[in-house]
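Step one of this worksheet: look at the structure below.
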Amino acid sequence: MALSIFVAKESVAGEKRVAASPETVKKYKKLGFAVTVEQGAGFGAAVPDAAFAAAGAEIAAPAAASKADIVLKLRRPSLKEAESYKKGAWCLCLLDPYGPAAAAELGALAALGLRAFAMELMPRISRAQAMDVLSSQANLAGYCAVIEAAAHYERLLPMMMTAAGTVPAARLFVMGAGVAGLSAIATARRLGAVVTATDVRPAAREQVASLGAKFIAVEDEEFRAAETAGGYARAMSADYQRRQAELVAGHIAKQDIVITTALIPSRPAPRLVSAAMLRSMRPGSVLVDLAVERGGNIEGVEAGGIVTISGVKLIGLLNMPGRVAATASELYARNLYAFIAQFSAGENGVFAPAADDELIKATLTMAEGRLLPVIPAYEPANGKAVPAGAAAGGAAADKAAAAGKEPAAGELHQAEPVGVWPRA
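Reading the sequence shown from the start, the letters are residues 2 to 425 in my numbering.
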């Protein structure tokens with residue numbers, strides 16, 4: 002019997018993205034699935050109900066989720082939402098296991114019988130590239146960071162020669178050259194800025210140079226061994242951080258715009274820009290922090306806001322991909338479709354994930370009424386690992402995790418999650 006898919010409307014305030022598109026609805030129908038879209042689910046992403054209906058979806062009230070075999074979402078469902086789902090239903094979403102209230106909510110969701118995939122835990126392998134939600138959303142976050150910076154920087158980005166004289170190009174520095182950082186570099190270059198970038202991973206040097214930017218880093222043995230097998234940045238030693246900070250401090254003083262993207266999975270965001278560095282920049286400079294949801298890379302940044310410190314603007318807006326919700330939704334929808342299609346047989350509407358498949362083992366976070374041990378332990382800066390989520394004792398785990406101290410910035414400030422971690 003063909004399974005049914007329900008595309009939920011996001012309930013988190015300000016979240017405009019949607020987990021499906023008319024394009025993917027047609028593809029699901031071709032695979033044999035029955036597709037229902039919650040009324041108004043796509044309005045924030047400029048997709049009216051009529052567009053989903055034309056693609057073959059049924060438009061229904063939220064109560065229709067109770068009949069669905071598969072639920073597609075952006076954010077982790079609330080307990081109220083999940084209580085309406087069929088027991089044993091599959092849910093594909095961003096579970097945000099290190100976000101606020103994650104410890105209590107993940108265990109409660111599992112207890113309801115939900116079988117949920119944390120799409121942000123998708124392994125970084127060739128087979129999973131089309132399913133990589135972090136990369137698709139981080140790409141957009143990097144673009145949006147430059148656009149936001151340009152909007153708040155009260156000068157031009159490109160060099161301009163006029164009859165009244167020459168206007169110099171803005172100097173833009175990107176800290177963290179992963180997916181978000183490389184997107185920011187490419188965008189800033191297209192807008193005419195003089196771009197430099199830094200990263201602790203040696204592979205980033207060539208990537209940065211290929212986009213026409215200059216690479217800045219302390220290059221020693223620790224630097225050359227600073228990338229994990231999964232392509233993420235390792236946490237660096239205190240000595241390396243000190244030497245890198247000295248190099249960066251001198252460089253930042255000469256910059257007009259700084260964009261930070263540095264994140265390490267299961268750890269607080271590293272502090273990269275201090276208050277002293279801010280004071281060294283000229284008034285009117287702009288900094289954008291894409292790691293603000295995990296405490297931020299910039300001292301003084303406020304999650305969800307824009308503040309001015311020492312004449313310098315700090316932008317800590319949440320949900321950068323959501324600022325281009327239509328495009329973000331299209332890409333995210335394709336990621337989910339690629340995952341479901343991988344485990345669908347023919348055109349009979351079957352979704353049969355194999356328990357021993359590497360993608361399933363990495364992302365299936367809860368099943369059979371319990372949490373599965375796939376979420377990496379949260380590692381606060383004090384070095385004492387705390388198991389993520391309710392698998393380690395519910396609210397007590399969150400409290401223990403929050404006790405970790407960031408060396409240069411005080412306590413980790415949890416913020417509302419955007420559901421995407423720009424990769425370092």
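For every residue, glycine included, the Cβ atom is placed at its ideal position computed from N, Cα and C.
Roughly how many angstroms separate the alpha carbons of residue i and residue j, rounded to a whole number?
{"i": "Y338", "j": "L96", "result": "18 Å"}
{"i": "G317", "j": "A21", "result": "28 Å"}
{"i": "A42", "j": "L73", "result": "11 Å"}
{"i": "A397", "j": "A104", "result": "For A397, the predicted model reports a pLDDT of 32, less than 50, meaning its position is unreliable; a value from the coordinates is still stated below. Roughly 8 Å separates the two Cα atoms."}
{"i": "E1", "j": "A254", "result": "The shown model of the chain, from 2 to 425, leaves out residue 1, and the question about it has no answer."}
{"i": "Y29", "j": "Y333", "result": "15 Å"}
{"i": "L158", "j": "L32", "result": "47 Å"}
{"i": "A198", "j": "A263", "result": "12 Å"}
{"i": "E16", "j": "A205", "result": "32 Å"}
{"i": "A54", "j": "T37", "result": "9 Å"}
{"i": "A151", "j": "A66", "result": "42 Å"}
{"i": "T309", "j": "L315", "result": "6 Å"}
{"i": "V479", "j": "N298", "result": "No answer is possible for residue 479: the residues shown for the chain start at 2 and end at 425."}
{"i": "N140", "j": "R202", "result": "18 Å"}
{"i": "G350", "j": "A69", "result": "13 Å"}
{"i": "L372", "j": "L107", "result": "8 Å"}
{"i": "R18", "j": "A165", "result": "45 Å"}
{"i": "V147", "j": "V209", "result": "16 Å"}
{"i": "M321", "j": "L122", "result": "20 Å"}
{"i": "A246", "j": "A226", "result": "19 Å"}
{"i": "A52", "j": "K10", "result": "15 Å"}
Can you tell me where the beta strand (DSSP E) with residue i in it begins and where it stops?
{"i": "D290", "result": "V287 to D290"}
{"i": "G108", "result": "No beta strand (DSSP E) holds G108; the alpha helix (DSSP H) holding it covers A103 to A112."}
{"i": "L73", "result": "I71 to R76"}
{"i": "V180", "result": "It is not in any beta strand (DSSP E) - V180 instead sits in the alpha helix (DSSP H) that spans V180 to R191."}
{"i": "A205", "result": "Segment A204 to S211 is the alpha helix (DSSP H) holding A205; no beta strand (DSSP E) there."}
{"i": "L93", "result": "W91 to L95"}
Excluding the 5 residues preceding and the 5 following residue i in the sequence, name in chain order all residues of the same chain whose CB lies nearer than 7 Å to its CB.
{"i": "A439", "result": "An answer regarding residue 439 cannot be provided, because it is not within the stretch 2 to 425 covered by the chain."}
{"i": "G114", "result": "K88, G89 and G370"}
{"i": "A353", "result": "F344 and A346"}
{"i": "I361", "result": "P354 and A355"}
Exposed or buried, residue i, counting other C-beta atoms within 10 Å across all chains shown (16 or more means buried)?
{"i": "E331", "result": "buried"}
{"i": "E82", "result": "buried"}
{"i": "Q130", "result": "exposed"}
{"i": "G251", "result": "exposed"}
{"i": "A14", "result": "exposed"}
{"i": "D221", "result": "exposed"}
{"i": "L212", "result": "buried"}
{"i": "T364", "result": "buried"}
{"i": "R272", "result": "buried"}
{"i": "D240", "result": "exposed"}
{"i": "R243", "result": "exposed"}
{"i": "D290", "result": "buried"}
{"i": "L4", "result": "buried"}
{"i": "T167", "result": "exposed"}
{"i": "S12", "result": "exposed"}
{"i": "A355", "result": "exposed"}
{"i": "G305", "result": "exposed"}
{"i": "P23", "result": "buried"}
Any idea which residues DSSP pairs residue i with across the strands?
{"i": "C145", "result": "Looking at the DSSP assignment, C145 forms no beta bridge with any residue, so it has no partner."}
{"i": "R371", "result": "A368"}
{"i": "L4", "result": "In DSSP, L4 forms no bridge with anything."}
{"i": "G57", "result": "According to DSSP, which records beta bridges pairwise, G57 is partnered with nothing at all."}
{"i": "L248", "result": "Looking at the DSSP assignment, L248 forms no beta bridge with any residue, so it has no partner."}
{"i": "E39", "result": "A61"}
{"i": "I299", "result": "V274"}
{"i": "T262", "result": "According to DSSP, which records beta bridges pairwise, T262 is partnered with nothing at all."}
{"i": "L319", "result": "Looking at the DSSP assignment, L319 forms no beta bridge with any residue, so it has no partner."}
{"i": "K215", "result": "T197"}
{"i": "I310", "result": "V313"}
{"i": "V168", "result": "M161"}
{"i": "F352", "result": "S345"}
Following the continuous alpha helix (DSSP H) through residue i, name the residue where it begins and the one where it ends.
{"i": "M278", "result": "A276 to S281"}
{"i": "L360", "result": "E359 to T364"}
{"i": "E82", "result": "L80 to E84"}
{"i": "R172", "result": "That residue, R172, is in no alpha helix (DSSP H); its beta strand (DSSP E) goes R172 to M176."}
{"i": "K30", "result": "P23 to K31"}
{"i": "I341", "result": "A326 to Q343"}
{"i": "F118", "result": "Note, F118: premise wrong, no alpha helix (DSSP H); beta strand (DSSP E) at R116 to A119."}
{"i": "F433", "result": "The structure shown does not extend to residue 433, since the chain is modelled only from 2 through 425, so no value can be given for it."}
Among the residues of its own chain, which have a CB less than 6 Å from the CB of residue i, if the five just before and after it don't count?
{"i": "S286", "result": "D257 and V313"}
{"i": "L192", "result": "L158"}
{"i": "V8", "result": "A20, A21, V38, A42 and L73"}
{"i": "A61", "result": "T37"}
{"i": "N336", "result": "M132, V134 and S137"}
{"i": "E303", "result": "G317"}
Using a Cβ-Cβ cutoff of less than 8 Å, which residues in the same chain neighbour residue i once the five nearest sequence positions on both sides are dropped?
{"i": "H153", "result": "V287, I307, K314 and I316"}
{"i": "P49", "result": "G43"}
{"i": "A190", "result": "Sequence inspection shows Arg at residue 190; the Ala mentioned does not correspond to that position. Only V196, L212, G213 and A214 meet the Cβ criterion."}
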